[in-house]
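Sequential numbering of the sequence shown, starting at 3, is according to this note's numbering. We put the CB at the ideal spot given by N, CA and C, even for glycine. Written below as C-alpha cells is the structure these notes are about.
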Amino acid sequence: MSTPHDQGFCNETADPANIVIFGATGDLTKRKLMPALVRMIDCGLVHPESRIIGVVRDMSVDEWRQLVRDGLAEFAPEVSMDEVRWQAFSALLKMVPGDLDDETTYNRLAESLEQLGGRKNAMFYCAIPPRWYRVAAQGLNRAGLTAQDEGYRRLVIEKPFGMNLDSARELNRELQSFIDESQIYRIDHYLGKESVQNLLVYRFANSIMEPLWNRNYIDHIQISVAETLGIEYRAPYYENAGALRDMIQSHLMQLMTLVAMEPPVEFTANAVRDEKMKVLRAVRRFEPQTVSEQTVAAQYAAGHIDGEDTPAYVMEDGVAPDSATETFAAVRFQIDNWRWQGVPFILWSGKRLENKASEVMIRFRKPPFNLFDTQASVPAANALVFRLQPEAGVVLRMNAKQPGLTTDIQRLVMRAPYANDDADVADAYEILMHDVLTGDSTLFSRSDEVEESWEIVEPILDNWKDRVSIERYRAGTWDISAMDALTRDCVGGWHRPS
Ligand code: BG6
C-alpha cells in the first residue's frame, strides 16, 4: 500500500508487464483505467518496457487509439496530451482483435505476449460486465495464460461479485477452477482511496486512538456515502442492484471492517484480511422479523440540485414506472465481540441527496457528568469525523469555554485536511493497479470476505425482494424520516454531512 504522489512512490516502479484490458473500448477503461495509466506512467510507476494491450473487436488499432485519446481529453483533461506526449503513450498501446467468447482470441493474445520477448508478466483487467468474467478466465486458462512459470499472471475483476450469496459462491468457484485465488484481485475502489488507507494509519500509527476505540467510549459509528448524482445511464444494472447491493454490501461493509478490526500482527495482505474477516464473522445475523427495525430503504423523487430540476428515479431512462428499487439504504449492524458489543454501526448511502460526502463518524459517549449544568452550557458529545471525500481530512468536535466571564460552552471544530488540494490525492485506480503490478493484494477483497458479506445481507435482500412500495425523498434533501427512527437511541441522532 503506497501513495503515488509522494516521493517514495516514484521509486516503486513495477517490473515490466503486459497490461491486458478486456473491455478496452468501454466506459471504465475510458473514465478510469487510461487516465490512471497515464498518471502512473508520469510518476514512473509503470516500467517503460510495459505494454498496454487492448482486446478489441471490430476496430482497427488506429481507431482504438483515437478512442483512447478522445477519452483522455474528456475524462482526464488535466493530463494534457500534446503530440509528443501522445506519440509516446500511444506507442505503448497494442491491440489484440477478437471476441471474448472466441477461443482464438486468447491464442492470439498468447502469441502477442510471446512476441514481447522476456516480458511475460501479465495483468488481465476485466473491465467487462460480470457475466463475462468466467468466460475470460476460462479462455485465459485454455490458452495457458494462467500458468505462472514464466512470470506472474493476475486477473483483476470489478464489483459486483455476484448479486447474492449463491451467485457470489458460484462465481468464486468458477474463477478458482481456472485460476488460483492468489492470482485473483477483486477491486473495491473504495479501498484504493488514499483517505480510506489513511484511516488505518490514524488508527494504528497514533497511540491516543486505541484506548478510546471501543465500547467504553464510543456511543455509535456512522459510515456514509452521500451522493448528489442520480443513477445516470446505469438503469439496467441499478434496477436489479439498488443501493444495498451497490454500496452497502461492498464499499461500506469494507469500510466497516477497517474501522472495527483488531490491529493485524503485520501489514501483509493475509494478516489484514484475516482481521477484516473476523469482524464480518462477528456481525450479528439478521432475523427476518428484525430486518424492518434495523434497515431503511427509500427512493428519490423529483427535486432540485445545484440549481437544476432533477427527475424522480422512476422517470429515469430505463427505470420501470412502478419500480420500488431503493436509491437510499441504511443498515444498523451490531458486532458481537469484546470491543464492540452494544455499539451500533450505522451504514447508509444514497443518491440525489443534499450534499456529496463520504464519511466515517465516530460519536463518543456524552461526558458522564455535566459540571457546567446551566442551560447555555450543555456539552455535546464529541465526534471524530474522517472525511473521505471530497476535501479529505479529519474533523474533531470538542467543547470549549466561550470567551467571557461565564462558563458557557461553545462547540469547537478542529479540522486537519489530508492534502492541500483534492488534486494532490492519487486516484484509487492508480493505487490499485500499481498494487496489482507489484503483487500486493492487501487492498483487494478475498473470496471469503465477499461471501461472508453476502451472507450477512442475504436476509435483508430476501425481505426486500417483494417490496411493492417504498418511502420517497425529494431529490436534493435529507427528507428520510425513517432515519430518525433508526438512529433515535444514538447520541446526536442521524449525522447528515455538511
Ligand atoms: C460505485 C457504485 O461502485 O461507486 C456507484 O456502483 C457509485 O453507484 C460509486 O456512484 C461511488 O464511488 P465514488 O468513488 O464516486 O464515491
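Say the cut is 8 Å; is the CB of Gln391 nearer than that to a heavy atom of ligand 1? As a working mapping, residue 391 is identified with position 389 in the sequence shown. Using a cutoff of 8 Å, the CB of Gln391 counts as near ligand 1, since one of the ligand's heavy atoms is closer than that.
Extent of the continuous beta strand (DSSP E) to which Val298 belongs: By one-based count along the sequence shown, residue 298 stands at place 296. Residues 297 to 307.
Ser351 - DSSP class collapsed to helix/strand/coil: On the sequence shown, position 349 is the one that residue 351 refers to. Note: Ser351 maps to strand in three-state DSSP.
Would you tell me roughly how many angstroms separate the C-alpha atoms of Val493 and His222, rounded to the nearest one? Residue 493 sits at position 491 when you count from the first residue of the sequence shown. Residue 222 sits at position 220 when you count from the first residue of the sequence shown. Those two C-alpha atoms are separated by around 8 Å.
If you run the structure through DSSP and keep just helix, strand and coil, what is Gly2? Since the displayed the chain opens at 3 and closes at 500, residue 2 lies outside it and no answer follows.
Using the three-state DSSP reduction, which class does Val267 fall into: helix, strand or coil? Position 265 of the sequence shown, counting from 1, holds the residue named residue 267. Three-state DSSP puts Val267 in coil, outside helix and strand.
Residue(s) in a DSSP beta bridge with Pro419: Locating residue 419 in the sequence shown gives position 417, counting from the first residue. Answer is Gly395.
C-alpha gap between Asp426 and Glu393, whole angstroms: Sequence index remark: in the sequence shown, residue 426 carries index 424 (1-based). Sequence index remark: in the sequence shown, residue 393 carries index 391 (1-based). Their backbone Cα atoms lie some 11 Å apart in a straight line.
Would Arg498 and Glu356 qualify as a contact pair, given that the criterion is a beta-carbon distance under 9 Å? If you number the sequence shown from 1, residue 498 lands on position 496. If you number the sequence shown from 1, residue 356 lands on position 354. Cβ distance < 9 Å, so Arg498 and Glu356 count as in contact.
With DSSP collapsed to three states, give me the class of Pro313. As a first step, residue 313 must be located in the sequence shown, where it is residue number 311. Residue state, collapsed to three classes: coil.
Top-ranked residue by Cα proximity to Leu434, from Asp64, Val57, Gln199, Tyr420: Taking the sequence shown and counting its residues from 1, the one referred to as residue 434 is at position 432. For the residues Asp64, Val57, Gln199, Tyr420, the minimum Cα distance to Leu434 belongs to Gln199.
Does the Cβ of Arg236 lie closer than 8 Å to at least one heavy atom of ligand 1? Numbered from 1 along the sequence shown, position 234 holds the residue referred to as residue 236. Yes, the beta carbon of Arg236 sits closer than 8 Å to at least one heavy atom of ligand 1.
For Asp276, three-class secondary structure by DSSP: Within the sequence shown, residue 276 is the residue found at index 274, counting from 1. Asp276: helix per DSSP, three-state reduction.
If you count every other CB in all the chains shown that lies within 10 Å of the CB of Arg286, and 16 or more means buried, which is it? The residue labelled residue 286 in the question sits at position 284 within the sequence shown. Answer is exposed; the Cβ neighbour count stays below 16.
From Val333, Val396, Ser449, Val22, pick the residue whose C-alpha is nearest to that of Leu142; which is it? Walking along the sequence shown from the start, residue 142 turns up at place 140. When each option's Cα is compared against that of Leu142, the closest is Val22.
Buried or exposed for Met416, please, with buried defined as at least 16 other CB atoms from any protein chain shown within 10 angstroms of its CB. In the sequence shown, the residue the question calls residue 416 occupies position 414. Burial call: exposed.
Would you decide whether Asn123 is buried or exposed? Buried here means 16 or more other CB atoms lie within 10 Å of its CB. Here residue 123 refers to the residue found at position 121 of the sequence shown. Asn123 comes out buried.
Own chain residues within Cβ distance below 8 Å of Lys278, not counting five before or after: The count along the sequence shown starts at 1 and reaches residue 278 at position 276. The residues are Gln256, Thr259, Leu260, Met263, Glu451.
Cross-strand partners of Pro99 (DSSP beta bridge): Translated into positions along the sequence shown, residue 99 becomes position 97. DSSP, once it has assigned bridges, lists Val58 as partnering Pro99.
Look at Trp456 and Thr297 and say whether their C-beta atoms are less than 9 Å apart. As a position in the sequence shown, residue 456 is number 454, starting the count at 1. As a position in the sequence shown, residue 297 is number 295, starting the count at 1. Contact: no.
What do you reckon, are the CB atoms on Phe163 and Ser447 nearer than 9 Å? On the sequence shown, residue 163 is found 161 positions in, with the first residue counted as 1. On the sequence shown, residue 447 is found 445 positions in, with the first residue counted as 1. The answer is yes: Cβ separation under 9 Å.
Straight-line CA distance for Asp8 to Ser500? Residue 8 sits at position 6 when you count from the first residue of the sequence shown. Residue 500 sits at position 498 when you count from the first residue of the sequence shown. For Asp8, the predicted structure reports a pLDDT of 44, less than 50, and the residue's modelled location is therefore unreliable. A value from the coordinates is still provided. Distance between the alpha carbons of Asp8 and Ser500 is about 29 Å.
Would you check if the stretch 215 to 232 and the stretch 340 to 354 touch, i.e. whether three or more CB-CB distances between them fall below 8 Å? yes
His253: beta carbon under 8 Å from a heavy atom of ligand 1? As a working note, residue 253 is residue 251 in the sequence shown. Yes - ligand 1 has a heavy atom lying nearer than 8 Å to the Cβ of His253.
Pull up the distance between the alpha-carbon of Pro6 and that of His436, whole angstroms please. Within the sequence shown, numbered from 1, the residue matching residue 6 stands at position 4. Within the sequence shown, numbered from 1, the residue matching residue 436 stands at position 434. With a pLDDT of 42 at Pro6, under the threshold of 50, the predicted position of this residue should be treated as unreliable, though the coordinate-derived value follows. Straight across, the Cα-Cα distance linking Pro6 with His436 is about 9 Å.
Run of the alpha helix (DSSP H) containing Gln89, from where it starts to where it stops: Locating residue 89 in the sequence shown gives position 87, counting from the first residue. Its alpha helix (DSSP H) spans residues 85 to 92.
Is the beta carbon of Phe330 closer than 9 Å to that of Ala299? Translated into the one-based positions of the sequence shown, residue 299 becomes position 297. Translated into the one-based positions of the sequence shown, residue 330 becomes position 328. Result yes, Cβ atoms of Ala299 and Phe330 sit closer than 9 Å.
Could you tell me which residues DSSP pairs with His222 in its beta bridges? What you label residue 222 is simply residue 220 of the sequence shown in a count that begins at 1. Beta-bridge pairing links His222 to Arg365.
Test item: CB-CB of Ile482 and Gly309 under 9 Å: In the sequence shown, residue 482 corresponds to position 480, counting from 1. In the sequence shown, residue 309 corresponds to position 307, counting from 1. Contact: no.
In chain order, which continuous runs of the alpha helix (DSSP H) of length 4 or greater are located wholly inside the stretch 138 to 187? 167 to 180
Please find out if some non-hydrogen atom of ligand 1 comes closer than 8 Å to the beta-carbon of Glu241. Start at 1 with the first residue of the sequence shown, and residue 241 comes out as number 239. Outside the cutoff, so no.
Please state the DSSP three-state secondary structure of Gly10. Residue mapping note: residue 10 aligns to position 8 of the sequence shown, counting from 1. With a pLDDT of only 38 at Gly10, under the threshold of 50, the placement of this residue in the model should not be trusted; the figure read from the coordinates follows. Looking at Gly10 - three-state DSSP - the assignment turns out to be helix.
Touching by the beta-carbon criterion (3+ pairs, under 8 Å), the stretch 28 to 46 and the stretch 136 to 156: no
Roughly how many angstroms separate the alpha carbons of Asp464 and Arg87, rounded to a whole number? Counting from 1 along the sequence shown, the entry for residue 464 is found at position 462. Counting from 1 along the sequence shown, the entry for residue 87 is found at position 85. Distance between the alpha carbons of Asp464 and Arg87: 53 Å.
Could you tell me the boundaries of the alpha helix (DSSP H) in which Tyr431 lies? The residue given as residue 431 occupies position 429 in the sequence shown. Start and end: 430 to 440.
Could you check whether the Cβ of Asp423 sits closer than 8 Å to any heavy atom belonging to ligand 2? With respect to small molecules bound, the structure shown includes ligand 1 and not ligand 2.
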